[in-house]
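All residue numbers for the sequence shown refer to the working numbering, where the first residue is 6 and numbers rise by one.
Down below is the structure, laid out as structure tokens.
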Amino acid sequence: MFIGHYSAAFVAATSPRAPRLGTLFVAAQLVDLAFFSFVLLGIEHMRLVPHITAMNPMDLYDMPWTHSLAGAIGWAAGFGAAIWLARRSLTAAAIGGAVVLSHWLIDLLVHRPDLTLAGGPPPFGLGLWNRPAIEIPLELVFAFGGLVFFVGRTRATAPRAWLPVAALATVMAVAQAVNWLSAQPTAVIDPPPASLAISGLAAYGVLAALAWWVSRAREIKA
């Protein structure tokens, strides 16, 4: 999944004790932020394989530090600790950590069996990337259902508060469309170009910045 991961951030952000939406957008994709960074550094590895799944050509064959359940728990604990240091709130820390961990659980739905418990076999993944008729509506329901949930439980605090919400929704839709409509490679690419990881990191950064803008214009209803 891509934008579907943000569903956890939208829902969590409606708690009065939660970190702000921009922070939770970082939490929702922290595992992938780490993964693409590790790919650039040569710590974890992937390759592009034509039609390895119907929707995604990424062969994610080496990602024990980010996409194992143990790794995801570690990232969640570290993020939660950072929130606690910043806010001295165990509730905020727990919410932030839970959003980080949700990434692995949501990935479990769509990945082919390439997720692990602790970096070794057996691999896990329900493979919905091979079922576009299921994965596409599921992703849209997760992402935009979460956005509607968030908007319904918050209220505007600034003029034209609809503008950041509209901007976020539009960029989410465009980013997901690009992800879905990009052509599959015609041959194995190993390693993939650095631009792939860089573009992923940039997309996560832009979406987190837009989520921060949304949070500046809205507050949780009493």
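Glycine included, each C-beta is placed from N, C-alpha and C at the ideal position.
This structure is a prediction, so every number in the text was calculated from the model and none was measured.
Does any residue of chain D have a CB that is nearer than 8 Å to the CB of methionine 68? The displayed structure is made up of one protein chain only, and chain D is not part of it.
Roughly how many angstroms lie between the CA atoms of leucine 53 and valine 104, to the nearest whole one? 28 Å
Is the segment 73 to 89 close to the segment 136 to 148, with three or more CB pairs under 8 Å? no
Quick one: measure Cβ to Cβ for isoleucine 225 and proline 21, integer angstroms, because I've assumed they're closer than 8 Å. 6 Å
Which first and last residues belong to the alpha helix (DSSP H) in which threonine 28 is found? 26 to 33
By alpha-carbon positions, which one of Ala91, Leu35 and Trp217 ends up nearest to threonine 71? Leu35
Label serine 187 either buried or exposed according to how many other C-beta atoms from any shown protein chain fall within 10 Å of its C-beta, with 16 as the threshold for buried. exposed
Can you check DSSP and say which residues form a bridge with methionine 63? Leu53
Classification of isoleucine 203 by the beta-carbon crowding that lies within 10 angstroms, buried from 16 upward: exposed
By the DSSP assignment, the alpha helix (DSSP H) with glycine 88 in it spans what residues? The sequence as given places isoleucine at residue 88; glycine does not occur at that position. 74 to 92 is the span of the alpha helix (DSSP H), which, as asked, contains isoleucine 88.
Cα-Cα separation, threonine 111 to alanine 77: According to the sequence provided, residue 111 is isoleucine. The question's threonine does not apply to it. Rounded to the nearest angstrom, the two C-alpha atoms are 12 Å apart.
Please report the distance separating the alpha-carbon of phenylalanine 69 from that of tyrosine 209. It should be noted that the sequence gives proline, not phenylalanine, for residue 69. Going from the Cα of proline 69 to the Cα of tyrosine 209 covers about 21 Å.
Once the 5 residues before and after methionine 63 are set aside, which same chain residues still bring their CB inside 7 Å of it? Met51 and Leu53
Three-state secondary structure (DSSP) of phenylalanine 129: strand
For leucine 74, which residues of its own chain have a beta-carbon under 8 Å away from its beta-carbon, when the five flanking residues on both sides are left out? Trp109, Leu120, Thr121, Leu122 and Ala123
If the criterion is Cβ atoms closer than 8 Å, does the pair glycine 79 and alanine 32 meet it? no
Throw me the rounded Cβ distance for the alanine 178 and alanine 222 pair, which I believe falls under 8 Å. Their Cβ separation, rounded to whole angstroms, is 20 Å, which puts alanine 178 and alanine 222 out of contact at 8 Å.
Who are the Cβ neighbours of glycine 130 in its own chain at under 7 Å, not counting the five residues just before and after it? Leu113, His116, Arg117, Pro118, Asp119 and Leu120
Whose C-alpha, out of Trp167, Thr159, Gly125 and Val176, is nearest the C-alpha of alanine 148? Val176
Every unbroken beta strand (DSSP E) inside the segment 147 to 212 [3 residues or more]: 159 to 161
Quick one, are the C-beta atoms of leucine 152 and phenylalanine 7 less than 8 Å apart? no
Under 8 Å between the Cβ atoms of proline 198 and alanine 97? no
Please name the residue in Ala17, Leu45 and Ser220 whose C-alpha comes closest to that of glycine 205. Leu45
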